[in-house]
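A short write-up of the structure that comes next.
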Amino acid sequence: MPTVATFLGLAISGAAMASGAALGAYNVDPNSISVSGLSSGGFMSAQLGVAYSDTFKVGFGVFAGGPYDCARGQSYTTCMYNQNPSITTPVANMKSWSGNKINPVSNLQSRKIYMWTGTADTTVGPNVMSQLKTQLANFASAANVSYITTSGAAHTFPTDFDAAGDNSCSSSVSPYISNCQYDGAGAVLQWMYGPLNARNPGTLSGSIVSFSQTGEYGASGMDTTGYLYVPRACQPGSSTVCKLHVALHGCKQSYSMIGSKFVSNTGYNMWADTNDIIILYPQAVADNTMHTIWTGMPLPNPNGCWDWVGWYGANADQVGGVQMAAIVNQVARVVSGYGAGSSSSTTAATPTTTTGSITTTTTTTATVTTTAVAPLYGQCGGIGWTGPTACATGVCTAYSPYYAQCLLIV
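Written out as structure tokens, the structure reads:
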């Protein structure tokens, strides 16, 4: 049985985990962005994938999460414990908010969606995940959806290797990372990007970088430091055009609770290393303050969960929700180095996507648009840009001569 010594090949030094520096800019194709997460990170991944589909143009993955907007009109506990939450109102909200409070739901037709659940998960559970699948069937193309069930797996992130301190696949305990003989990270990344080069089973080429989650890169319920895995080919100044995947930990999985285990033991970095993918690891933090959630009840957040219940605002799962805006601002900063040089390697083509009246493709440097203004989180400038330079919402923010994006400044 493979061990973590065989697979990880990269330790995080104490210095690397210290308070982070300013978040850097990298040569990342803005059409290559995807996201996945476990538990509350799975709920947040669905929120980002739905509300910010103009940003996450490849798609999103959900490990042991649940329906978008699940906890707004019913008790959040109905969206857990293998119950059968109603999706009637969430589906209606998606349709009503489309193009207004969230990006157009028509985008989901071209997005890749990956879902995973374990049959022994009683924390969230396969019934809840099944409702997410049913909800998304109203909007997504069946050919773009992957739904995986692992027999005997509890509420955990599934891997196919052993790592020190990980829990058994059949138990839902810290750190919620388990050898379930299923490579979850590889599965979601390959669903997003197509066939990839084999993962690196040895010493990784890149580095784990800490950065400051403050200002526009932070929000209520978020820690002050986040992390990136940056392969050697994607280091600042590289001419290689890389991809970006956001990996969201679950409750009780932040660095402040389990150290570097989610960053190191989930397997994302091994695939990223050989496929020119930067992995962004935003961090939530425990919050013992009582907050009024969507249903009107007071509730603290002592487990450092991502906000899927309305702790930090009525718009927590809509465009402008403070945690989502912070993550999207992080994404925008990372990709702001796009165009630093010509591409020296590509691993998998990003599919052509159509978003409302905007059509983009990675095989051309121009973006065609018929609108007078760019949408929120749409491109609004840069060398070679022929589209709109004014923003319908937000401020056109240039991070490099090659890329500017309409951002909410929080």
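In case it helps, mature numbering (1 follows the signal peptide of the UniProt record, and there is no 0) puts the sequence shown at residues -24 to -1, 1 to 386.
Glycine included, each C-beta is placed from N, C-alpha and C at the ideal position.
Rounded to a whole number of angstroms, what is the C-alpha to C-alpha distance between residue 260 and residue 171?
-> 31 Å
For residue 221, the residue or residues it bridges with in DSSP = 10 and 255
Cutoff 7 Å; reference residue 183; Cβ partners in own chain excluding five residues on either side | 206
Determine the contact status of residue 257 and residue 224, defining contact as a CB-CB distance below 9 Å.
-> yes
Taking C-beta to C-beta, are residue 112 and residue 89 nearer than 9 Å?
-> yes
Could you tell me whether the Cβ atoms of residue 125 and residue -5 are closer together than 9 Å?
-> no
Below 6 Å CB to CB, which residues in the same chain sit around residue 130 once its five sequence neighbours on both sides are set aside?
-> 94, 96, 97, 146, 147 and 148
Apart from the five residues just before and just after residue 209, which ones in its own chain have a Cβ nearer than 6 Å to its Cβ?
-> 216 and 252
Over what stretch of residues does the beta strand (DSSP E) that includes residue 110 continue unbroken?
-> That residue, residue 110, is in no beta strand (DSSP E); its alpha helix (DSSP H) goes 102 to 112.
Residue 274 - partner residues in DSSP beta bridges = 268
Would a C-beta distance cut-off of 9 Å place residue 194 and residue 247 closer than the cut-off?
-> no
Rounded to whole angstroms, how far is the Cβ of residue 158 from the Cβ of residue 136, which I believe are closer than 8 Å?
-> 6 Å
At least 3 beta-carbon pairs within less than 8 Å: the segment 58 to 71 vs the segment 32 to 39 | no
What are the boundary residues of the beta strand (DSSP E) that includes residue 134?
-> 133 to 135
Check whether residue 16 and residue 226 have beta carbons under 9 Å apart = yes
Could you give the distance in angstroms between the alpha-carbon of residue 305 and the alpha-carbon of residue 178?
-> 33 Å
Do you know offhand how far residue 44's Cα is from residue 20's?
-> 8 Å
Span separating the alpha-carbon of residue 218 from that of residue 4 | 5 Å
For the candidate residues 142, 301, 366 and 373, whose alpha-carbon lies nearest to that of residue 29?
-> 301
Pick from 102, 373, 7 and 23: whose alpha carbon is nearest that of residue 284?
-> 23
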